[in-house]
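Sequential numbering of the sequence shown, starting at 1, is according to full-length UniProt numbering. Yeah, the Cβ is synthetic: ideal placement off N, Cα and C, and Gly gets one too. Shown next, in structure tokens, is the structure this report addresses.
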Amino acid sequence: MKKKIIIFDTTLRDGEQALQASLNSNKKIQIALALERMGVDVIEAGFPISSPGEFKSIESISKLLKTSKICSLARCLKKDIDTAAQAMKHAAESRIHLFLGTSNLHISSKLKKSFNEITDMAVSSVIRARKYTNDVEFSCEDAGRTSLHNLYKIIEAVIDAGATTINIPDTVGYTTPTQFKKIIQNIFDHVKNIHKVIVSVHCHNDLGMAVGNSISAVEAGARQIEGTMNGLGERAGNAALEEVIMALYVHQNVLKKYTNINYKEIYKTSKIVSQFCNMPISINKAIVGKNAFLHSSGVHQDGVLKNRKNYEIINPIKIGLNNCKLNLTSRSGRSAVEHRMQEMGYHKNDYNLNELYIDFLKLADKKGQIFDYDLEALAFFKKQQNTEEYFKLEYFDVQSKLSGLSVASIILICGSQTNIQKATTSNGPVDAIYQALNKATLYPIILKKFHLVANGEGKDALGKVDIVVQYKLRNFHGVGLATDIIEASAQAMVNVLNYIWKSNQVNKELEKLNK
Ligand code: KIV
Ligand code: ZN
Numbered sequence: 001m002k003k004k005i006i007i008f009d010t011t012l013r014d015g016e017q018a019l020q021a022s023l024n025s026n027k028k029i030q031i032a033l034a035l036e037r038m039g040v041d042v043i044e045a046g047f048p049i050s051s052p053g054e055f056k057s058i059e060s061i062s063k064l065l066k067t068s069k070i071c072s073l074a075r076c077l078k079k080d081i082d083t084a085a086q087a088m089k090h091a092a093e094s095r096i097h098l099f100l101g102t103s104n105l106h107i108s109s110k111l112k113k114s115f116n117e118i119t120d121m122a123v124s125s126v127i128r129a130r131k132y133t134n135d136v137e138f139s140c141e142d143a144g145r146t147s148l149h150n151l152y153k154i155i156e157a158v159i160d161a162g163a164t165t166i167n168i169p170d171t172v173g174y175t176t177p178t179q180f181k182k183i184i185q186n187i188f189d190h191v192k193n194i195h196k197v198i199v200s201v202h203c204h205n206d207l208g209m210a211v212g213n214s215i216s217a218v219e220a221g222a223r224q225i226e227g228t229m230n231g232l233g234e235r236a237g238n239a240a241l242e243e244v245i246m247a248l249y250v251h252q253n254v255l256k257k258y259t260n261i262n263y264k265e266i267y268k269t270s271k272i273v274s275q276f277c278n279m280p281i282s283i284n285k286a287i288v289g290k291n292a293f294l295h296s297s298g299v300h301q302d303g304v305l306k307n308r309k310n311y312e313i314i315n316p317i318k319i320g321l322n323n324c325k326l327n328l329t330s331r332s333g334r335s336a337v338e339h340r341m342q343e344m345g346y347h348k349n350d351y352n353l354n355e356l357y358i359d360f361l362k363l364a365d366k367k368g369q370i371f372d373y374d375l376e377a378l379a380f381f382k383k384q385q386n387t388e389e390y391f392k393l394e395y396f397d398v399q400s401k402l403s404g405l406s407v408a409s410i411i412l413i414c415g416s417q418t419n420i421q422k423a424t425t426s427n428g429p430v431d432a433i434y435q436a437l438n439k440a441t442l443y444p445i446i447l448k449k450f451h452l453v454a455n456g457e458g459k460d461a462l463g464k465v466d467i468v469v470q471y472k473l474r475n476f477h478g479v480g481l482a483t484d485i486i487e488a489s490a491q492a493m494v495n496v497l498n499y500i501w502k503s504n505q506v507n508k509e510l511e512k513l514n515k
């Protein structure tokens, strides 16, 4: 029989406390609701004593949650416990989470007390918290560096006092999976009343072992895992819940465990957390990174097209990711190109695959990544691909003032014509030049992404501008590179305008063919 693992999310508490700027109440509510949709069992919504704003957010969240239990953090202090209870008084179900340092280091240099005093504080706090709720979690902060003897003593005492969950945090991410598993096993073997409670783990990622340690703890009998979406949290972060959840899922038959998670919500929830917290996800991040389900080498792409399982241990649809694509580069094989053309709706007879593949490799060598519109241009409009660009920026002049208007003047060569335009805006120099280019081309475009990074170091660095523009429901990518970031921005847009022009020409040719 499989046993349930309780998923405890602390994105809004441990995750939030590590952000550069705290989240406003509205964002916290939206994250909490997304976590609830994802099926998280317990949501630690914050540390209510820390500020009136934090208190209010927890109060609002506690009124909204229906299926997830809300939890608030409290030190072993009367005012913390009473405030936590107050903040959650409207909740359908609530948990108070008490924590106290138990390692010799924390006791002597942080709390400046004896171990017996610490134990008394923990016991009286659990008794106080139990007056408000039947669900009290006690965390032995820095358990990863606490002597086993002290761990057994304090855990036994707080269970007798009424704690219902005992959490074992590896607060500084110090242990290895084997060491951490041993700690959990020892607790089960030596604490005589341990069977009365749920044993939980809370692992930090300082050595990159938070997820591994959490799964090891499950093998030793832990029944709750604490973590955060995208692994946010103090320093190197907490165990990434999406990774923990999918590890439990992939190995369910060995671990004999299940969760209540609605897997289809994982990707969306991760995105919401990343956007609201202003914390980008690295592209190779497990489960939710942009490349997590992207196949680049020709051998891999061919293998995936024959059977996804050749190179995927999880079907991306499981986590709510539908548009999983092959990354088309010079490493891609003929079958990947053919597959993409098919996905775009083209039949084999519409184009010559052999010729297309040769041209594709040449262009990929120059350009790096190949997008849909490149393929179309190569397949149906090869002549234009080799000729000069249609739009060329001959001249620009941009003037910009602090708190004033920006003015851009341009000369754009459009085929054989010269187009002179001027635009004025209060949105800065890049917008001014984009508006002028827009006046010259009149394409109904929407700028969806503008990303500026420094290529190189110091003042000689080149500005690299990467944009995504939507035109008639299709996305076009453009890149510009120059020491002047306005010039790089303009180049990126001119790049896009040329792709749009080519794509329009392709469509015209196809229309002619279909007549
Ligand atoms: O890392 C830690 O020890 C904590 C506790 C408050 C559980 O975050
Ligand atoms: Zn923590």
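Under 9 Å between C-beta atoms of Asn327 and Asn291: On the sequence shown, position 327 is the one that residue 327 refers to. On the sequence shown, position 291 is the one that residue 291 refers to. Yes. Within cutoff.
First through last residue of the alpha helix (DSSP H) which encompasses Pro429: Here the question's residue 429 lines up with position 429 in the sequence shown. Judged by DSSP secondary structure, Pro429 falls within the alpha helix (DSSP H) whose first and last residues are Pro429 to Thr441.
DSSP state of Phe276 mapped onto helix, strand, coil: Here residue 276 refers to the residue found at position 276 when the sequence shown is read from its first residue. In the structure shown, Phe276 sits in a helix (DSSP, three-state: H, G or I).
DSSP state of Gly463 mapped onto helix, strand, coil: Along the sequence shown, read from residue 1 onward, the residue named residue 463 stands at position 463. Strand, per DSSP.
Simplified DSSP assignment, three categories, for residue 555: Residue 555 is absent from the model: the chain starts at 1 and stops at 515.
Near ligand 1: Pro48 beta-carbon under 8 Å from a heavy atom: Locating residue 48 in the sequence shown gives position 48, where the first residue counts as 1. No; taking the cut-off as 8 Å, the Cβ of Pro48 has no heavy atom of ligand 1 nearer than that.
Buried or exposed by the 16-neighbour rule on C-beta atoms within 10 Å, applied to Lys309: Here residue 309 corresponds to residue number 309 of the sequence shown, with the count starting at 1. Exposure of Lys309 is indicated by the presence of fewer than 16 other C-beta atoms within 10 angstroms of its C-beta.
Complete runs of the alpha helix (DSSP H) confined to the segment 91 to 174 [at least 4 residues]: With a minimum length of 4 residues, the continuous alpha helix (DSSP H) runs that stay inside the segment 91 to 174 are 115 to 130 and 148 to 161.
Residues near Gln185 in its chain [Cβ-Cβ closer than 6 Å; skip 5 each side]: Residue 185 sits at position 185 when you count from the first residue of the sequence shown. For Gln185, where only same-chain residues beyond five positions count, the Cβ hits under 6 Å are Ala220.
7 Å CB neighbourhood of Glu217 in its chain, flanking five on each side removed: By one-based count along the sequence shown, residue 217 stands at place 217. A quick correction: the sequence has Ala, not Glu, at residue 217. Phe180, Lys181, Ile184 and Val201, listed in sequence order.
beta-carbon His300 near ligand 2 non-hydrogen atom, thresh 8 Å: The residue you call residue 300 lines up with position 300 of the sequence shown. No, the Cβ of His300 stays beyond 8 Å of every heavy atom of ligand 2.
beta-carbon Phe99 near ligand 1 non-hydrogen atom, thresh 8 Å: In the sequence shown, residue 99 corresponds to position 99, counting from 1. With a threshold of 8 Å, the Cβ atom of Phe99 counts as near ligand 1, since some heavy atom of the ligand is closer than that.
Buried/exposed call for Thr102, threshold 16 Cβ in 10 Å: Taking the sequence shown and counting its residues from 1, one reaches residue 102 at position 102. Only buried fits Thr102, as 16 or more other CB atoms lie within 10 angstroms of its CB.
In chain order, each beta strand (DSSP E) run of at least 3 residues that lies wholly inside the segment 5 to 62: 6 to 9 and 42 to 46, all fully within the segment 5 to 62.
Proximity test, Thr67 beta-carbon vs ligand 1 heavy atom, cut-off 8 Å: Counted from its first residue, the sequence shown places residue 67 at position 67. Thr67: no, Cβ never under 8 Å from ligand 1.
Contact test: Pro429 Cβ vs ligand 1 heavy atom, cutoff 8 Å: Stepping through the sequence shown from its first residue, residue 429 is reached at position 429. The answer is no for Pro429.
6 Å Cβ shell around His97 - same chain, five flanking residues per side excluded: To locate residue 97, count along the sequence shown from 1; it is residue 97. Correct list, in chain order: Cys71, Leu73 and Glu137.
Beta strand (DSSP E) segment containing Tyr395, residue limits: The count along the sequence shown starts at 1 and reaches residue 395 at position 395. Start and end: Phe391 to Gln399.
Distance cut-off 8 Å: Thr11 Cβ against heavy atoms of ligand 2: For the purposes of this step, residue 11 is taken as the residue at position 11 of the sequence shown. Here the distance from the Cβ of Thr11 to the nearest heavy atom of ligand 2 is not below 8 Å.
N- and C-terminal bounds of the alpha helix (DSSP H) containing His204: On the sequence shown, position 204 is the one that residue 204 refers to. Counting along the chain, His204 falls outside any alpha helix (DSSP H), and DSSP gives it neither H nor E.
Any non-hydrogen atom of ligand 2 closer than 8 Å to Glu234 Cβ: Locating residue 234 in the sequence shown gives position 234, counting from the first residue. Within the chosen limit of 8 Å, ligand 2 reaches the beta carbon of Glu234 through at least one heavy atom.
Proximity of Val494 and Phe371 at Cβ, strictly below 9 Å: Here residue 494 is taken as the residue at index 494 of the sequence shown, counted from 1. Here residue 371 is taken as the residue at index 371 of the sequence shown, counted from 1. No, these two residues do not count as a Cβ contact at 9 Å.
beta-carbon Asn167 near ligand 1 non-hydrogen atom, thresh 8 Å: As a working note, residue 167 is residue 167 in the sequence shown. Yes, since a heavy atom of ligand 1 falls inside the 8 Å radius drawn around the Cβ of Asn167.
Proximity test, Asn238 beta-carbon vs ligand 3 heavy atom, cut-off 8 Å: Ligand 3 is not part of the structure shown, which contains ligand 1 and ligand 2 as its ligands.
Spatial neighbours of Arg474 in its chain, beta-carbon cut-off 8 Å, leaving aside the 5 residues before and after: Your numbering for residue 474 matches position 474 in the sequence shown. These residues qualify, in order along the chain: Asp372, Tyr373 and Ser503.
Classification of Asn386 by the beta-carbon crowding that lies within 10 angstroms, buried from 16 upward: In the sequence shown, the residue the question calls residue 386 occupies position 386. Per-residue confidence for Asn386 stands at a pLDDT of 46, beneath the threshold of 50, marking its modelled position as unreliable; the derived number appears in the next sentence. Burial state of Asn386 is exposed, judged by a 10 Å Cβ sphere holding fewer than 16 other Cβ atoms.
Ile313, buried or exposed, once every other Cβ within 10 Å from all chains shown has been counted against 16: As a first step, residue 313 is located in the sequence shown; it is residue number 313 there, counting from the start. Ile313 is exposed by the Cβ-count criterion.
Integer-rounded CB distance, given that Ile5 should sit under 8 Å from Gln224: Taking the first residue of the sequence shown as position 1, residue 224 is located at position 224. Taking the first residue of the sequence shown as position 1, residue 5 is located at position 5. Your pair Gln224 and Ile5 checks out as a contact, with CB atoms roughly 7 Å apart and the cut at 8 Å.
Residues that His295 bridges to, as DSSP identifies them: Here residue 295 refers to the residue found at position 295 when the sequence shown is read from its first residue. Bridge partners of His295: Leu326.
CB of Asp302 within 9 Å of CB of Ser335, strictly: Here the question's residue 302 lines up with position 302 in the sequence shown. Here the question's residue 335 lines up with position 335 in the sequence shown. Yes; because the gap between Cβ atoms is below 9 Å, this pair is in contact.
9 Å Cβ cutoff met for Ala129 and Ile81: As a first step, residue 129 is located in the sequence shown; it is residue number 129 there, counting from the start. As a first step, residue 81 is located in the sequence shown; it is residue number 81 there, counting from the start. A contact, by the Cβ cut-off of 9 Å.
Same chain, Cβ closer than 7 Å to Pro177, neighbours up to 5 away in sequence not counted: Taking the sequence shown and counting its residues from 1, the one referred to as residue 177 is at position 177. Counting only Cβ-Cβ distances below 7 Å, and skipping sequence neighbours, we find Met209, Gly212, Asn213 and Ser216.
Three-way DSSP call (helix, strand, coil) for Asn386 in this model: Residue numbering aside, residue 386 sits at position 386 when the sequence shown is read from its first letter. Interpretation of Asn386 is limited by its pLDDT of 46, a score under 50 that renders its predicted location unreliable; the figure taken from the coordinates is listed afterwards. In the three-state reduction of the DSSP assignment, Asn386 falls in the helix class.
Outcome for Lys366 when other beta-carbon atoms lying within 10 angstroms are tallied against a minimum of 16: Your numbering for residue 366 matches position 366 in the sequence shown. By the 10 Å Cβ count, Lys366 comes out exposed.
Per-residue DSSP class, three states only, for Thr483: Within the sequence shown, residue 483 is the residue found at index 483, counting from 1. Residue state, collapsed to three classes: coil.
Limits of the alpha helix (DSSP H) - the one that Asn419 falls within: By one-based count along the sequence shown, residue 419 stands at place 419. Premise fails: Asn419 lies in the beta strand (DSSP E), Gln417 to Thr425, not in any alpha helix (DSSP H).
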